[in-house]
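The structure appears right after this line, and notes come after that.
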Amino acid sequence: MFKQHINDFLLYLRYEKGVSENTIEAYRSDIEQFLDFLGALALIPQNIAKF
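The sequence shown begins at 2 in the numbering used here and counts up by one.
Have a look at this one:
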């Protein structure tokens, strides 16, 4: 679901911000781990509070 958004963000970091490939890979890894964590929670819209 988020794959295209993640790829767009990583491309932004590469081409607009000029960050290193190591930084991009670190962000990719962190985002994937976070999404795995969220997936394990089996969130549904009713369980998400607005901030």
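A virtual CB, placed ideally from N, CA and C, is assigned to each residue, including glycine.
Keep in mind that this is a model prediction, so the values were computed, not measured.
Confirm, please, whether the CB-CB distance from L14 to I25 is below 7 angstroms.
Between I25 and L14, the gap from beta carbon to beta carbon is short of 7 angstroms.
Reduced DSSP category for I45 - H, G, I as helix; E, B as strand; rest coil:
coil
Rounded to whole angstroms, how far is the Cβ of Y28 from the Cβ of L12, which I believe are closer than 8 angstroms?
At roughly 11 angstroms, the Cβ-Cβ gap does not stay under 8 angstroms, so Y28 and L12 are not in contact.
Reduced DSSP category for A27 - H, G, I as helix; E, B as strand; rest coil
Helix at A27.
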